[in-house]
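Q: Provided herewith is a single structure, encoded as structure tokens, for subsequent inquiry.
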Amino acid sequence: MAEVLAKKEELADRLEKANEEAIASAIAEEEQLTREIEAEENDIEIDNESEFSASIGSGSMSFSGMSMDWNEVLADYEARESWRQNTSWGDIVEEEPSRPPGHGIHMHEKLSSPSRKRTIAESKKKHEEKQRKAQQLREKLREEKALKLQKLLEREKDVRKWKEELLEQRRKMMDEKLLHAEFKREVQLQAIVKKAQEEEAKVNEIAFINTLEAQNKRHDVLAKLKEYEQRLNELQEERQRRQEEKQARDEAVQERKRMLEAERQARVEELLMKRKEQEARIEMQRQEKERAREDAARERARDREERLAALTAAQQEAMEELQKKIQLKHDEGVRRHLEQIEQRKEKAAELSSGRHASTDYAPKLTPYERKKHCTLCGVMISSEVYLFSHIKGKKHQLTVRENSSIQGRELSDEEVEHLSLKKYIVDLLVETPVPVEPVKDEEKQKNKKKVKKLKTRINSKVKEYEGVLEAKTPVSDSPYKAKLQRLTKDLQKQLQTQDNGAWATNKVSALDRALGEISRILEKQNASDQISFRAAGGLSVVEQILQMVTPISNSSTRVPFKSVCNAVNIYILTCSTCPENCTYVLMSSKITFLLELLIQQLLLVVPDDEKSTFVRSLNKQVFDGLTTGLLQLLSKIFACLTTLYPLESGQTDIIKIKADAKTKLSAADAFSGRIQDIISYTINIGLIDKLSGCFISVQGPLDESPKVAAFLQAATTLLHELCRLCISVTSSSGDIFESNQDPTGLSTALRSSDLVGVLHMLYCALFHNFSTEPTVSSSKETYEQNTIQVAIQSLRFLNSFATLHLQSFQSVVGAEGLSLAFRHVISTLIWFCTQYTCEDLLHEIIVCVGYFTVNHADNQVIVQSGRHPTVLQKLCQLPFQYFSDSRLVRLLFPTLISACYNNPQNKLILEQELSCQLLATFIQDCLQGSSHPDSKTSLHKDYRQQYLEFSCRFPRHCWEPSQQFFLKKD
């Protein structure tokens, strides 16, 4: 059937192809005939037009016996037109050829000959004959063309009929083809149905076969399971037997080991005997070489002494000339010294007369060369600031009034000051050396023991932490992971191949190049890059570079100073805003190495045995990039660790430590304990004392010393972050007005060091070019950006210490000497902020004054004393936005409330500038807001957000009494 259908389709295709060719041929022939008919019709029309034009032209003119039609005449005229326009009559006449004599007569006779004469009738008859013959010829041609055209039309009609028949035949063939396709489709559908039925039967057979196979397989499995159980029992018995045999073999092995160990001990003793003999032989050889070297050294010494004798003789003459010059300079120096003594005597006389006994102007904080002593109070006075502060103190004034009176009346403040300067404040003629207290030596010994104990406790958990870290370290997806690993290996290789001594130039270049590439990758601050660098051992390699730092006094530095600074910079980039790396540095005890390195650098300028003389001979190398970089690095680490608090369940994965099973501490408690140990370690190694010495050494401006300013800014930032970290770890209640226990000892260390000398440094930096004359000191000047940044960081440190332990902050800053310096510093900085916009500094000042005066009557008196406008008045005269903007109101009003609460005099000054009703309304709003359950504050917030919380600036239990105080009318 399929073959028949295929042959039938083949014949149908052939017929269709032949039909298409015939149709195409018919269409082509029809088009050709159409074109021929159109051509014939056009010829006939052209002939008719020619006849018509000929009939018209038959009557046309003829020139010189030659007939011309109208078109030829027009063409000839147009051809001559351009010539006539371009040619004048004179030219035409001249161009005409000249005629010979007798030419006219000759032409007349010629034209008048009988052969040239013809009548008009003859000419007309001849012309009509020509026309008749032409007409006959045209009629004949026309009949031939009409006959030809008729034949072409008949042929065209036959071709069209043939084409229509072919088209009809193609339509019928198409219908037959469609019927054939329908029939073929039916046949295919029947074949598909039949095939589907056969496939279904096959599927059913396969399913039946699979069911039988599954049943057979299940039966086989059950049989094998029974067999396996039997084999397992046999294997168990066999394993028991082998275990017994193995135990017997182990006992035999142990016995064999004991025998081998005895033999090894015998060989070791024999080797030791041989080694002792060899060492004795080597010692004898060494002694012989030493004697030979000593003989050579004595010979060289004799030669050197002879050369030195000659050199000394030559230098003696130059020395005598130098001594003459030095004597002249010495005489000049003695003269200047005597002049200075006279000036100091005059100044002492002025002070004794009470001329400058005023604290309205900034006195000097520079220590006296000869200290003063208050005979009434038994107090040592070291500078003018302490002198004026002591005289203004309540205790001293009360003692003076008790011991002196004028006719039964009480002395005035001016009389007390005058009497104090004249009678009770005296110079110490001979300064007695301060004996070394045995208590301080005992404290040093205790600190050393505590440092050892802390370091042992810190190092005891390192291996456990590293094991947990390796088990939990995730795979980093950093695109620079391979490159960082390669660079780390290169650095490790360079450090291993380097011998003792200075580095070669090419090795230094390779080291700097590798450090530079790592720095450029880490500058993007991508956490995955930082973790990849740490996982590749980068921090360990950087630590090896820092371990090669030698003391500054030693000129043979193994690693160049620039490379060391680059390594510290990479350490900073690795730990910046990366809690994982900062936690690693903390838990792996690498932070102890950084602290020890920092102390090593600070010891070069603040030695323990010369603490009394280092201030005047400060080694400026402490302000180099290495020390500043270490301070910045530790600040970054402490700041990042602070952000982890309060520790939640999700953050324990970051710190990667386990709970301590022995002490039953959770992971968070263990982490907090480690931070407390680090803070205690920082204090006990003496970092606070060293920084205090550096701060006290600053006696001048910072604008011309950017390195000094950078060091001071980094040091104050470190102290600020250290206080914040201690607050996060030790503060449990979240209330700064409650006395919290500080197990780290940080608050005690800061209190005993007078806030590390930060106020002393600020005072000297701001008042370095003052004059004691009021007219000169009243003209203040601006400060450069370096000084302002140091002031901002210093005030942030003071505020963080106040948050850590408010009572210690108020007692230290409010003590004699520092209180006066604090008032002058705050007053000057407020003036600067009002003249030059510096919001960050002003906000820190406002918060610091608030902490200084809150619930402290003596400190409230300090902010309203001094030259007008006082500190309190300057705060009340701040720009309008501080009293209208809600955010700035929350910053300023708590300070005003703290400065005026329970102080009628301060309240009276406040009422001169603004209404107390504003403060009462602010307190009322805070009372209403505190009733909400979500209004509780936490010290773990960002310190800038904490500044805006009223509960962190003023105690809650005083809110309602303070509201009543400000609403009460005096």
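When the letters of the sequence shown are read in order and numbered with the numbering used here, they come out as residues 814 to 1783.
All residues carry an ideal CB built from backbone N, CA and C; glycine is no exception.
1. Does the structure place the segment 840-857 close enough to the segment 950-968 that three or more beta carbon pairs sit under 8 Å?
2. Output the distance between the C-alpha atoms of E1152 and D1567, rounded to the nearest integer angstrom.
3. Which one of G1558, S1479, Q1737 has the shortest CA to CA distance from T1543?
4. Within 10 angstroms of the Cβ of D1490, are there 16 or more other Cβ atoms? Answer buried if so, exposed if not.
5. Would you tell me roughly how many angstroms separate the C-alpha atoms of R1104 and E1112, rounded to the nearest one?
6. Tell me which residue opens and which closes the alpha helix (DSSP H) that I1383 is part of.
7. Going by C-alpha distance, which of R1766, Q1307, Q1043 is nearest V1355?
8. Quick check on DSSP: helix, strand or coil for V1355?
9. Let's see if you can read the secondary structure: which residues bound the beta strand (DSSP E) around I1549?
10. Tell me the DSSP secondary structure of D1240 in three-state form.
11. Which residues mark the beginning and the end of the beta strand (DSSP E) in which V1192 is found?
12. Let me confirm a value: S1565 is counted as buried when at least 16 other C-beta atoms fall within 10 Å, else exposed. Which label applies?
13. Inspect the beta-carbon positions of C1453 and S1389 and report whether they are closer than 9 Å.
14. In chain order, what residues of the same chain lie with their CB nearer than 6 Å to the CB of S1345, ignoring the 5 residues before and after it?
15. Could you check if P1519 is buried or exposed, using at least 16 other CB atoms within 10 Å of its CB as the buried criterion?
16. Going by the beta-carbon positions, is the gap between L1655 and I1643 smaller than 9 Å?
17. Grab the span of the alpha helix (DSSP H) containing M1574 for me, first residue to last.
18. Run through the DSSP bridge pairs and tell me what K1187 is partnered with.
19. Enumerate in chain order the residues of its own chain whose CB-to-CB distance from A1562 is below 7 Å, with the five nearest sequence positions on each side excluded.
20. Count the other CB atoms within 10 Å of the CB of T1188; is the residue buried (16 or more) or exposed (fewer)?
21. Report buried or exposed for Y890, applying the criterion of at least 16 other Cβ atoms within 10 angstroms of its Cβ.
22. Any heavy atom of the ligand HEM inside 8 Å of the beta-carbon of D988?
23. Helix, strand or coil: how does DSSP classify E1517 here?
24. Whole angstroms is fine: what's the gap from I1154's alpha carbon to R1148's?
25. Could you name the residues of the same chain whose beta carbon sits closer than 6 Å to that of G1351, not counting the 5 residues immediately before and after it, in chain order?
26. Look at the Cβ atom of T1441, then the Cβ atom of A1578, and state whether they are nearer than 9 Å.
27. So, does the CB of E942 fall closer than 9 Å to a CB anywhere in chain D?
28. For Y1695, which of helix, strand or coil comes out of DSSP?
29. Alpha carbons only, please: which of K1265, K1185, I1383, V1264 is nearest the one belonging to S1233?
30. What is the DSSP secondary structure of I1498, reduced to helix, strand or coil?
31. Over what stretch of residues does the alpha helix (DSSP H) that includes E885 continue unbroken?
32. With contact counted as at least three CB pairs below 8 Å, one residue from each stretch, are the segment 1665-1679 and the segment 1616-1636 in contact?
33. Would you mind stating whether L1704 and F1779 have Cβ atoms separated by less than 9 Å?
34. Taking just the CA atoms, how far does P910 sit from H916?
35. Only counting the same chain, and skipping five residues up and downstream in sequence, which positions put a Cβ closer than 6 Å to that of M1574?
36. To the nearest angstrom, how far is the alpha carbon of Q1258 from that of N1216?
A: Taking the definition as stated:
1. yes
2. The sequence position of residue 1152 within the sequence shown is 339, counting from 1. The sequence position of residue 1567 within the sequence shown is 754, counting from 1. In a straight line, the C-alpha of E1152 is about 36 Å away from that of D1567.
3. As a first step, residue 1543 must be located in the sequence shown, where it is residue number 730. Taking only the C-alpha atoms, the option nearest T1543 is G1558.
4. If you number the sequence shown from 1, residue 1490 lands on position 677. Buried, since its Cβ has 16 or more Cβ neighbours within 10 Å.
5. Sequence index remark: in the sequence shown, residue 1104 carries index 291 (1-based). Sequence index remark: in the sequence shown, residue 1112 carries index 299 (1-based). When rounded, the distance between both Cα atoms is 12 Å.
6. Indexing the sequence shown from 1 puts residue 1383 at position 570. First-last of the alpha helix (DSSP H) with I1383: 1374-1388.
7. In the sequence shown, residue 1355 corresponds to position 542, counting from 1. With distances taken between Cα atoms, V1355 lies closest to Q1307.
8. On the sequence shown, residue 1355 is found 542 positions in, with the first residue counted as 1. V1355 sits in a helix when the DSSP states are folded into three classes.
9. For this step, residue 1549 is matched to residue 736 along the sequence shown. Element bounds for I1549: n/a, residue is neither H nor E.
10. One-based indexing of the sequence shown puts residue 1240 at position 427. Here D1240 sits in strand by DSSP.
11. Counting from 1 along the sequence shown, the entry for residue 1192 is found at position 379. Taken as a continuous stretch (DSSP letters only), the beta strand (DSSP E) holding V1192 covers 1192-1194.
12. To locate residue 1565, count along the sequence shown from 1; it is residue 752. So S1565 counts as exposed.
13. On the sequence shown, position 640 is the one that residue 1453 refers to. On the sequence shown, position 576 is the one that residue 1389 refers to. In this structure, S1389 lies closer than 9 Å to C1453 by Cβ.
14. Start at 1 with the first residue of the sequence shown, and residue 1345 comes out as number 532. Only S1289, S1291, K1294, L1297 meet the Cβ criterion.
15. Within the sequence shown, residue 1519 is the residue found at index 706, counting from 1. Classification of P1519: exposed, given that the 10 Å Cβ count is below 16.
16. Walking along the sequence shown from the start, residue 1655 turns up at place 842. Walking along the sequence shown from the start, residue 1643 turns up at place 830. It is a contact, given that the beta carbons lie within the stated cut-off.
17. As a first step, residue 1574 is located in the sequence shown; it is residue number 761 there, counting from the start. Per DSSP, M1574 belongs to the alpha helix (DSSP H) from 1571-1579.
18. Here residue 1187 refers to the residue found at position 374 of the sequence shown. The question names Lys, but residue 1187 in the sequence shown is Cys. According to DSSP, which records beta bridges pairwise, C1187 is partnered with V1192, I1238.
19. Here residue 1562 is taken as the residue at index 749 of the sequence shown, counted from 1. Hits under 7 Å: I1496, I1501.
20. In the sequence shown, the residue the question calls residue 1188 occupies position 375. Exposed is the call here.
21. Counted from its first residue, the sequence shown places residue 890 at position 77. So Y890 counts as exposed.
22. As far as ligands go, the structure on display features none, and thus does not contain the ligand HEM.
23. Your numbering for residue 1517 matches position 704 in the sequence shown. Coil.
24. Here residue 1154 refers to the residue found at position 341 of the sequence shown. Here residue 1148 refers to the residue found at position 335 of the sequence shown. Taking the straight line joining both Cα atoms gives about 10 Å.
25. Within the sequence shown, numbered from 1, the residue matching residue 1351 stands at position 538. Closer than 6 Å at the Cβ level, and outside the excluded window around G1351, lie T1301.
26. Taking the first residue of the sequence shown as 1, we reach residue 1441 at position 628. Taking the first residue of the sequence shown as 1, we reach residue 1578 at position 765. No, the Cβ-Cβ distance between T1441 and A1578 is not below 9 Å.
27. The structure shown contains no chain D; it is built from a single protein chain.
28. Translated into positions along the sequence shown, residue 1695 becomes position 882. Assigned with DSSP and collapsed to three states, Y1695 falls in helix.
29. In the sequence shown, counting from the first residue as 1, residue 1233 sits at position 420. Looking at the Cα atoms, K1185 is the closest of the given residues.
30. For the purposes of this step, residue 1498 is taken as the residue at position 685 of the sequence shown. Looking at I1498 - three-state DSSP - the assignment turns out to be coil, as it is neither helix nor strand.
31. Along the sequence shown, read from residue 1 onward, the residue named residue 885 stands at position 72. Here the alpha helix (DSSP H) through E885 covers 883-899.
32. yes
33. Within the sequence shown, residue 1704 is the residue found at index 891, counting from 1. Within the sequence shown, residue 1779 is the residue found at index 966, counting from 1. Not closer than 9 Å, so no.
34. Numbered from its first residue, the sequence shown carries residue 916 at position 103. Numbered from its first residue, the sequence shown carries residue 910 at position 97. If you take the alpha carbons of H916 and P910, they lie about 12 Å apart.
35. In the sequence shown, residue 1574 corresponds to position 761, counting from 1. So the list reads F1508, V1511, once near-sequence residues are dropped.
36. The sequence position of residue 1258 within the sequence shown is 445, counting from 1. The sequence position of residue 1216 within the sequence shown is 403, counting from 1. Roughly 45 Å between the two C-alpha positions.
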